[in-house]
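The C-terminal position of the sequence shown is numbered 422 in this note's numbering, with every residue numbered one higher than the one before it. Cβ atoms here follow ideal geometry from the backbone N, Cα and C, with glycine treated the same way. A quick note: this is a predicted structure, and the numbers were derived from the prediction, not measured. In what follows, a structure is listed as structure tokens, so that the remarks can point back to it.
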Amino acid sequence: MTPEMNPFEIAQRQLALAAEVMGLDATPHEFLRWPMREFHVRIPVRMDDGTTRVFEGFRVQYNDARGPTKGGLRFYPLETFDTVRALAAWMTWKCAVVDIPLGGAKGGVVCNPKELSLSELERLSRGYIRALGHYVGPEIDIPAPDVYTNPQIMAWMMDEYSKMVGHNAPGMITGKPIPLGGSQGRGDATARGGMYCMREAARALDIDLSQATVAIQGYGNAGQYAHELVSELFGSRVVAVSDSKGGIYCPDGLSFESVSAHKQDEGTVLTYADAAQACQRITSAELLALDVDVLIPAALEGVIHAENAHDIQARVIAELANGPTTPQADEILIEKGVYVIPDFLCNAGGVTVSYFEQVQNAYGFYWDIDLVHQRLDQKMTSAFQAVHRVAQQHGTPNRIAAYVVAVARVAEACKLRGWV
Ligand code: GLU
Numbered sequence: 003m004t005p006e007m008n009p010f011e012i013a014q015r016q017l018a019l020a021a022e023v024m025g026l027d028a029t030p031h032e033f034l035r036w037p038m039r040e041f042h043v044r045i046p047v048r049m050d051d052g053t054t055r056v057f058e059g060f061r062v063q064y065n066d067a068r069g070p071t072k073g074g075l076r077f078y079p080l081e082t083f084d085t086v087r088a089l090a091a092w093m094t095w096k097c098a099v100v101d102i103p104l105g106g107a108k109g110g111v112v113c114n115p116k117e118l119s120l121s122e123l124e125r126l127s128r129g130y131i132r133a134l135g136h137y138v139g140p141e142i143d144i145p146a147p148d149v150y151t152n153p154q155i156m157a158w159m160m161d162e163y164s165k166m167v168g169h170n171a172p173g174m175i176t177g178k179p180i181p182l183g184g185s186q187g188r189g190d191a192t193a194r195g196g197m198y199c200m201r202e203a204a205r206a207l208d209i210d211l212s213q214a215t216v217a218i219q220g221y222g223n224a225g226q227y228a229h230e231l232v233s234e235l236f237g238s239r240v241v242a243v244s245d246s247k248g249g250i251y252c253p254d255g256l257s258f259e260s261v262s263a264h265k266q267d268e269g270t271v272l273t274y275a276d277a278a279q280a281c282q283r284i285t286s287a288e289l290l291a292l293d294v295d296v297l298i299p300a301a302l303e304g305v306i307h308a309e310n311a312h313d314i315q316a317r318v319i320a321e322l323a324n325g326p327t328t329p330q331a332d333e334i335l336i337e338k339g340v341y342v343i344p345d346f347l348c349n350a351g352g353v354t355v356s357y358f359e360q361v362q363n364a365y366g367f368y369w370d371i372d373l374v375h376q377r378l379d380q381k382m383t384s385a386f387q388a389v390h391r392v393a394q395q396h397g398t399p400n401r402i403a404a405y406v407v408a409v410a411r412v413a414e415a416c417k418l419r420g421w422v
């Protein structure tokens, strides 16, 4: 990543571009440039060897005008306050663009979960809730999984919170395991929501996805499900995937079953190339520059920047990651005519099913998978259409259009509350 701007400066810059297009007044603009509340905590954790390590944790509640704040929690070694602020801002716009009654938040702990034992991870997860439990909850702020966190971590956190408040409180967190009140369809929801956007984009651009080639950068939760779903739903050919160790390229197409089994066993996709025929190792940079129809960044922020945006050959970029493209890269992609489905629209499926999970927890009655898929499809399709309409009306790129739709909704809620 180049040091163009840090992620929070990027989020503020994107907001400024949209504010200009929509003629947002100076006061709401200034109010929406900053988080409403922030927490910075130290979490002491007893390690397996008997020593104590102190971890740094963050929670940023960006804006709650439209409802309790919502957003994931990352366990990530390079976490900073500003990354969490940016991600919390993007959550605010994300919940607004899919029109769910929630504000935006994000959390992070500076740690490398790959170096922690399961019981250390459990103590850290419980410690995070002991530090912040009084400031989260179903009516306040609802965490969820994100980079390097998972349903088991959500389960420990829900259990710790339930002990603190003295009753079972499944609705305080989402992305829980199904036996503890998780929703059907939450696992692949981020990728599936992105697929519904891709389907709509392909319609608008007259692209036949059954003939399309796809490259996926990142092979975590979002990337793996994207591999599975793009093949299953559209019959597209995934020719390249990568993870933090590197990538693989196979012009004939990569089978989801074999690559994901390899990732499960070996911890990386990279070594898959060694045994598979007609398959070669590539770097993550080479993956981004492949001549494919659709490129799916599904890992971390800032991967498409001023120095590599010129190399991109894909016709469509479906941003499953949060913040993968910097503003300078955006300008280059616009010039090149690349069609970008912007992050907080493209990856909003996860929080949409999180919202469904909360609704089910609140009335204690659970939906079947078909109902989840149907309602997710409705939400994503109407969000895509709203953004598409604004992009055409104002002649703006999709990212700005998505901001215009989302910011207008949040600004209206702030105004109705009499804030600004
Ligand atoms: N972490 C996911 C995101 O960035 C989901 C958040 C949630 O479900 O609250 O959208």
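Residue i beta carbon near the ligand GLU (any heavy atom closer than 8 Å)
i, result
"alanine 350", "yes"
"leucine 2", "What is shown of the chain runs 3 to 422, which leaves residue 2 out entirely."
"aspartate 148", "yes"
"isoleucine 142", "no"
"serine 127", "no"
"asparagine 170", "no"
"lysine 96", "yes"
"threonine 327", "no"
"valine 179", "According to the sequence displayed, residue 179 carries proline and not valine. No; taking the cut-off as 8 Å, the Cβ of proline 179 has no heavy atom of the ligand GLU nearer than that."
"asparagine 324", "yes"
"threonine 53", "no"
"methionine 93", "yes"
"valine 138", "no"
Cα-Cα separation, residue i to residue j
i, j, result
"serine 384", "arginine 391", "10 Å"
"phenylalanine 77", "valine 111", "5 Å"
"asparagine 8", "aspartate 66", "24 Å"
"aspartate 370", "glycine 183", "13 Å"
"proline 172", "alanine 157", "9 Å"
"alanine 429", "alanine 18", "Nothing about residue 429 can be read from this structure; the chain reaches only from 3 to 422."
"glutamate 414", "asparagine 223", "34 Å"
"alanine 228", "alanine 193", "5 Å"
"leucine 335", "glutamate 32", "28 Å"
"histidine 169", "alanine 133", "18 Å"
"alanine 203", "histidine 136", "42 Å"
"glutamate 117", "glutamate 234", "35 Å"
"methionine 38", "threonine 176", "22 Å"
"glutamine 315", "glutamate 321", "15 Å"
"cysteine 281", "leucine 418", "57 Å"
"alanine 278", "aspartate 210", "28 Å"
Chain-order list of residues whose beta-carbon lies under 7 Å from that of residue i (same chain, five-residue window excluded)
i, result
"threonine 4", "With a pLDDT of 47 at threonine 4, under the threshold of 50, the modelled position of that residue is not reliable, and the figure given next carries that caveat. These residues qualify, in order along the chain: His307, Ala308 and Glu309."
"methionine 49", "Arg55 and Glu122"
"valine 167", "none"
"glycine 325", "Pro9, Ile12, Ala88, Trp92, Glu303, Gly304 and Asp345"
Distance CB(residue i)-CB(residue j) smaller than 9 Å
i, j, result
"methionine 159", "methionine 174", "yes"
"serine 185", "tyrosine 368", "yes"
"lysine 96", "alanine 350", "yes"
"valine 296", "alanine 206", "no"
"glutamate 58", "valine 47", "no"
"serine 212", "glycine 237", "yes"
"arginine 411", "valine 62", "no"
"valine 342", "threonine 328", "no"
"tyrosine 64", "alanine 90", "yes"
"proline 399", "aspartate 332", "yes"
"glycine 255", "glutamine 219", "no"
Contacts around residue i, its chain only, beta-carbon distance under 6 Å, and the 5 residues preceding and following it disregarded
i, result
"glutamate 81", "Gly110 and Val112"
"proline 79", "Asn114"
Sequence-distant residues of the same chain with beta carbon closer than 8 Å to residue i, five excluded per side
i, result
"leucine 104", "Arg68, Gly69, Pro70, Thr71, Lys72, Cys97, Ile144, Val353 and Tyr357"
"leucine 378", "Gly187, Ala191, Arg194, Gly195, Tyr198, Gly351, Thr354, Val355 and Phe358"
"glutamate 141", "Pro70"
Near the ligand MG: residue i beta-carbon under 8 Å from a heavy atom
i, result
"glycine 74", "This structure lacks the ligand MG; its bound ligands are the ligand GLU."
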